[in-house]
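Notes follow once the structure below has been shown.
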Amino acid sequence: MYIKNTNVHEVYFKNKVLLVNLNNGQWVRTSRKYFEVLNKLVESNQIGDFMKYKYVSNVIDNLKRLFNELLEIRYYVDEEKTHQENNLSVTFTLTNKCNLSCSHCALSASPLSQDILSTNDVKYAIDKIIDVNPNTLILTGGEPFIRKDILEIISYIRTNFKNKLVIMTNGMLIRKNSFHFKKRIGYVNKCEMASLRVHMAS
Numbered sequence: 001m002y003i004k005n006t007n008v009h010e011v012y013f014k015n016k017v018l019l020v021n022l023n024n025g026q027w028v029r030t031s032r033k034y035f036e037v038l039n040k041l042v043e044s045n046q047i048g049d050f051m052k053y054k055y056v057s058n059v060i061d062n063l064k065r066l067f068n069e070l071l072e073i074r075y076y077v078d079e080e081k082t083h084q085e086n087n088l089s090v091t092f093t094l095t096n097k098c099n100l101s102c103s104h105c106a107l108s109a110s111p112l113s114q115d116i117l118s119t120n121d122v123k124y125a126i127d128k129i130i131d132v133n134p135n136t137l138i139l140t141g142g143e144p145f146i147r148k149d150i151l152e153i154i155s156y157i158r159t160n161f162k163n164k165l166v167i168m169t170n171g172m173l174i175r176k177n178s179f180h181f182k183k184r185i186g187y188v189n190k191c192e193m194a195s196l197r198v199h200m201a202s
């Protein structure tokens with residue numbers, strides 16, 4: 001049985017919808033109608049039979065393709081496998097400020113946004129997250145590397161948190177901090193580039 005992942009979000013705009021996995025920063029854009037039909041199939045537990053359906057049509061092919069894309073970004077997950085994994089991940093938005101102003105951004109991040117959390121605020125929040133002991137801590141934004149204290153934050157996390165650390169980034173600011181970043185890159189398990197998937201039926 002497939003279910004919607006716990007940390008996902010939908011952003012609607014006219015006849016389109018942006019389906020976002022907040023854990024990994026990946027998203028798919030598609031038509032609202034396609035998503036509504038597909039979501040009903042998933043919620044009614046008919047998606048398994050539908051995916052085995054052999055009849056060929058553009059609508060059916062597009063729905064199957066959309067479902068596979070949403071599985072790939074883990075918008076939908078296998079409920080049984082999810083219970084078996086029992087993995088807890090926490091996504092921490094460090095800032096809404098970003099060096100880019102992407103029209104598809106789910107958070108409307110931009111260079112004009114301001115950091116709300118001070119360094120001490122971030123460290124306090126991290127301490128609370130560590131108390132929960134998640135398997136994965138994901139730092140996201142905005143653009144995390146736009147913060148002047150990002151390397152201090154990474155060092156603080158790695159001093160106190162031994163599990164997996166992931167940073168969601170557009171990658172454009174890493175080279176500006178390349179020397180200092182390389183000294184600390186061992187602290188991070190994964191730097192994942194934020195990506196956009198556009199469903200062709202949209």
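Here full-length UniProt numbering is used: position 151 in the sequence shown is 151, and no number is missing along the way.
For every residue, glycine included, the Cβ atom is placed at its ideal position computed from N, Cα and C.
When the Cα atoms are used, what is the spatial distance from residue i to residue j?
i	j	result
K97	T140	11 Å
I3	P134	21 Å
L117	V42	38 Å
I130	N5	22 Å
residue 203	M51	Since the first residue shown for the chain is 1 and the last is 202, residue 203 is missing from the structure and cannot be characterised.
H9	K54	31 Å
Beta-carbon separation of residue i and residue j under 9 Å?
i	j	result
M172	L100	yes
Q26	R74	yes
I126	I167	no
Over the uninterrupted alpha helix (DSSP H) stretch that includes residue i, give me the two end residues.
i	result
S155	I150 to N160
I3	Per DSSP, I3 belongs to no alpha helix (DSSP H); it is in the beta strand (DSSP E), Y2 to K4.
Looking at C-alpha atoms only, which residue of the options is the closest neighbour of residue i?
i	options	result
V11	N24, T30 and N160	T30
T91	N23, E72 and Y156	N23
I47	L71, V56 and N163	L71
N163	S89, L88, N58 and T136	T136
T159	S57, K123, E80 and N58	K123
I60	L151, Y34 and L18	Y34
R147	I174, F161 and K128	I174
Can you name the start and end residues of the beta strand (DSSP E) that residue i belongs to?
i	result
V59	Looking at the DSSP string, V59 is not in any beta strand (DSSP E); the run it does join, the alpha helix (DSSP H), is N58 to E72.
F92	S89 to T93
L139	T136 to T140
Could you round the C-beta distance between residue i and residue j to whole angstroms and report it? I think they count as a contact, below 8 Å.
i	j	result
T169	E143	6 Å
N45	M1	6 Å
N15	R32	5 Å
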